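Count along the sequence shown from 1, add 1, and you get the number used in the numbering used here.
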Amino acid sequence: MPKAKSVLRETSSRYLSALAYRDYRTLWVASLAAGAASWALIVARGWLVFDLSDSSLWVGVVTFAAMIPRVLVTPFSGYLADRFDRRKVLATMFALNLGHNLVLAVVVMIGSVTIWHLVVLAFVNGSVRAAQMPAGSALIPNLVPKNLLLNAIALNQATMNGSRLIGPLAIAPLLATTGVGGAFLLCSGFYAISLVQALRVRTSSTGEIDHTRGFVSNMLEGLRYVYAIPVLRAIVVMALFHCGLTMSFESLLPVLSTQRLDAEGAGFSYLMMSVGAGALVAVVGLAGVTSESMKGKLFLNLGVLSGLTPAVLAISGSMPLALLAAMAMGASQAGFMTITHTMIQSITADRVRGRVGAVYSVHIGGMMASANLINGGMADYVDAATLLLIGGAGFVVIMFASWQGINLRRIYTRGLQAALAGDKSTRSVTAD
2 MPKAKSVLRE TSSRYLSALA YRDYRTLWVA SLAAGAASWA LIVARGWLVF
52 DLSDSSLWVG VVTFAAMIPR VLVTPFSGYL ADRFDRRKVL ATMFALNLGH
102 NLVLAVVVMI GSVTIWHLVV LAFVNGSVRA AQMPAGSALI PNLVPKNLLL
152 NAIALNQATM NGSRLIGPLA IAPLLATTGV GGAFLLCSGF YAISLVQALR
202 VRTSSTGEID HTRGFVSNML EGLRYVYAIP VLRAIVVMAL FHCGLTMSFE
252 SLLPVLSTQR LDAEGAGFSY LMMSVGAGAL VAVVGLAGVT SESMKGKLFL
302 NLGVLSGLTP AVLAISGSMP LALLAAMAMG ASQAGFMTIT HTMIQSITAD
352 RVRGRVGAVY SVHIGGMMAS ANLINGGMAD YVDAATLLLI GGAGFVVIMF
402 ASWQGINLRR IYTRGLQAAL AGDKSTRSVT AD
């Protein structure tokens, strides 16, 4: 028994060390509940759209409406995250999304929901989330010591990706019994938990705004910062391709579930749950990684796997195999994005974290919105499995081609610090 307790303490110290800090722990619970609400909403809304329209194109349109605010709104939200108290920005956005889900539940329950209602409400939801994400990401490094940043970010990614399991799992029985109206009410409950937890965070955190500059100049500071540092720029570009080619699958899964796997809404939910389960395992495992060179090697290998696993899902002819493929897909994609996010936060100065996070979100959100719209439209004419296969293969090619870039090759072989040491521009920009 003493030995078991010792192993438990050692495991907790290695993988859960950031949770020892009260404010981080409070934010972690808020992120978990908000993530569960978001993924439950994606599944319920996606199935409702497909049920109303019997068209993958409309699923893509609604997904696009939810994601395009990451391009249109995020530049402003990054400024907000550096201008105002990040705790208050986060709490405000949770409150707005709570209201959004209540409205959606009422519209569905009174039987007056239309496709265009869902398009408009998806845009509202996406706009609020676009304002929420930079504030939450910028707050994390202020809640834990710098040496625990990877652990904190990995555990936060665990909430975001593990909620892919929790959210769909929570609403799966409701989709089969009470319908999507009950699912939207449950999403409201998740956001209520997030709001309460965000209000309990005590640490105040703001960035630095140059008041001698205008609003637009301050807002664009994050863009200048990202593109002035070659290592940072290369990481963001890889994330851009990754999200567009491997992670834009939401508009494809409803038709894949129905036509290829002979399942309905519950099948779609189970696929999303499997993606979340794999993601959760991957990011918790990454929380214990401390070696810089190991992080670099994982960045390379997980990137390649992110392209290969959608191909396995594409050729799956049965639900059990599809669920295993979806789990592997979630693990590789979440692992790649967790390392990406950690490297970006490690490079970025706190004074511009909100705006740099906004630039990152604009890149990946804009790409995912566009790719989901394109995939949804094409899935009405081209087999969804073929689209998954093409996207995955495309990213594998890009991963191998990226070896030609000196900064990425240094990351793959020796880790981020080796790449930064060889990039003189990094020191000059971050010292400003």
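C-beta atoms are modelled at their ideal positions from N, C-alpha and C, and glycine is treated no differently.
These figures come from a predicted structure and were not determined experimentally.
Using the rule of at least 16 other Cβ atoms within 10 Å of the residue's Cβ for burial, across every protein chain shown, is G336 buried or exposed? Locating residue 336 in the sequence shown gives position 335, counting from the first residue. Looking at its Cβ environment, which holds 16 or more other Cβ atoms inside 10 Å, G336 is buried.
(request) Use the C-beta contact count for R203: other C-beta atoms within 10 angstroms, 16 or more gives buried, fewer gives exposed. (result) Locating residue 203 in the sequence shown gives position 202, where the first residue counts as 1. Looking at its Cβ environment, which holds fewer than 16 other Cβ atoms inside 10 Å, R203 is exposed.
Distance, Cα to Cα, P88 vs N143? As a position in the sequence shown, residue 88 is number 87, starting the count at 1. As a position in the sequence shown, residue 143 is number 142, starting the count at 1. Note on identity: in this sequence residue 88 is Arg, with Pro being the wrong assignment. Rounded to the nearest angstrom, the two C-alpha atoms are 11 angstroms apart.
* To do: Compute the Euclidean distance between the alpha carbons of L81 and V360, then round it to the nearest angstrom.
  => Position 80 of the sequence shown holds residue 81. Position 359 of the sequence shown holds residue 360. Near 13 angstroms, if we compare the C-alpha coordinates of V360 and L81.
Could you pull out every residue in the same chain whose Cβ sits closer than 6 angstroms to the Cβ of A31, ignoring the five residues on either side in sequence? Here residue 31 refers to the residue found at position 30 of the sequence shown. Excluding sequence neighbours, A31 sits near S195, Q198, A199.
Exercise. Which class does D86 belong to by DSSP, given the choice of helix, strand or coil?
Worked result: Taking the first residue of the sequence shown as position 1, residue 86 is located at position 85. Note: D86 maps to coil in three-state DSSP.
For this session: Pick out whichever of L257, G190, D24 has its Cα sitting closest to the Cα of Y382.
Result: Here residue 382 corresponds to residue number 381 of the sequence shown, with the count starting at 1. Considering only alpha carbons, the answer is L257.
When you compare the CB of T387 with every CB in chain C, is at least one pair closer than 8 angstroms? Going by chain labels, chain C is absent from the structure shown, which holds only one protein chain.
Same chain only: Cβ atoms within 8 angstroms of L389, ignoring 5 sequence neighbours per side:
Locating residue 389 in the sequence shown gives position 388, where the first residue counts as 1. Cβ neighbours of L389 beyond the five flanking positions: F250, L253, L257, P311, A312, L314, A315.
Item checked: Host alpha helix (DSSP H) of G47 (start-end) -> Against the sequence shown, residue 47 aligns to sequence position 46. Here the alpha helix (DSSP H) through G47 covers 23-54.
Discussion item. Considering just the uninterrupted stretch of the alpha helix (DSSP H) at E251, what are its terminal residues?
Written reply: Position 250 of the sequence shown, counting from 1, holds the residue named residue 251. E251 -> no alpha helix (DSSP H), and no H or E assigned at all.
Using 8 angstroms as the threshold, is the C-beta distance between R71 and G366 below it? Along the sequence shown, one-based indexing puts residue 71 at 70. Along the sequence shown, one-based indexing puts residue 366 at 365. For R71 and G366, yes; Cβs fall inside 8 angstroms.
| query | In three-state DSSP terms, what is L389? | reply | Indexing the sequence shown from 1 puts residue 389 at position 388. Note: L389 maps to helix in three-state DSSP.
query: Around the C-beta of N157, are 16 or more other C-beta atoms found within 10 angstroms, so that it is buried, or is it exposed?
result: Start at 1 with the first residue of the sequence shown, and residue 157 comes out as number 156. Counting every other CB atom within 10 Å of its CB across the protein chains shown gives N157 a total of 16 or more, marking it as buried.
Taking 7 angstroms as the limit between beta carbons, can you name the residues of its chain near A326, skipping five residues before and five after?
Here residue 326 corresponds to residue number 325 of the sequence shown, with the count starting at 1. So the list reads T310, V313, L314, S317, once near-sequence residues are dropped.
First and last residue of the uninterrupted alpha helix (DSSP H) at Q334: For the purposes of this step, residue 334 is identified with residue 333 of the sequence shown, where counting begins at 1. Residues 320-348.
Range of the contiguous alpha helix (DSSP H) that encloses A441:
Nothing can be reported for residue 441: it is not among the residues displayed for the chain, which extend from 2 to 433.
(message) Using the Cβ count rule (16 or more neighbours within 10 Å means buried), how would you classify L246?
(response) As a first step, residue 246 must be located in the sequence shown, where it is residue number 245. With 16 or more Cβ atoms within 10 Å of its Cβ, L246 is classed as buried.
Exercise for the section: Put G190 into one of helix, strand or coil per three-state DSSP. Expected result: On the sequence shown, position 189 is the one that residue 190 refers to. Helix, per DSSP.
Problem set entry | Start-to-end residues for the alpha helix (DSSP H) that takes in K296 | As a working note, residue 296 is residue 295 in the sequence shown. Its alpha helix (DSSP H) spans residues 293-316.
M295 burial status per 10 Å Cβ neighbour count (16 or more: buried): The residue given as residue 295 occupies position 294 in the sequence shown. Exposed, because fewer than 16 other Cβ atoms sit within 10 Å of the Cβ of M295.
Roughly how many angstroms lie between the CA atoms of F269 and A419, to the nearest whole one? Walking along the sequence shown from the start, residue 269 turns up at place 268. Walking along the sequence shown from the start, residue 419 turns up at place 418. Rounded to whole angstroms, F269 to A419 spans 43 angstroms at the Cα level.
How big is the Cα-Cα spacing for L301 and A106?
Counted from its first residue, the sequence shown places residue 301 at position 300. Counted from its first residue, the sequence shown places residue 106 at position 105. Roughly 43 angstroms separates the two Cα atoms.
- request: Using alpha carbons as the reference points, say which of N98, L150, G286 lies closest to A131.
  value: By 1-based counting over the sequence shown, the position of residue 131 is 130. The residue with the shortest Cα to Cα distance from A131 is N98.
For D351, the three-state DSSP class (helix, strand or coil) = Locating residue 351 in the sequence shown gives position 350, counting from the first residue. The answer is helix: DSSP assigns D351 an H, G or I state.
- Query: Looking at A37 and S1, is the spacing between their C-beta atoms short of 8 angstroms?
  - Reply: Missing from the structure shown is residue 1; the chain here goes from 2 to 433 and no further.
Less than 7 angstroms between C-beta atoms, sequence neighbours within five positions excluded: which residues of the same chain meet that for I236? Position 235 of the sequence shown holds residue 236. Once the five neighbours on either side are set aside, the close Cβ partners of I236 are T341, M344, I345.
Measuring CA to CA, which of T75, A422, V125 is closest to E293? Mapped onto the sequence shown, residue 293 falls at position 292. For the residues T75, A422, V125, the minimum Cα distance to E293 belongs to A422.
Margin query: Here's a check: name, in chain order, each residue in its chain whose Cβ is nearer than 7 angstroms to the Cβ of A66, leaving out the five neighbours to either side.
Written below: Here residue 66 corresponds to residue number 65 of the sequence shown, with the count starting at 1. Hits under 7 angstroms: V120, A123, F124, G127.
So, helix, strand or coil for A380, using DSSP? Looking up residue 380 in the sequence shown gives position 379. Here A380 sits in coil by DSSP.
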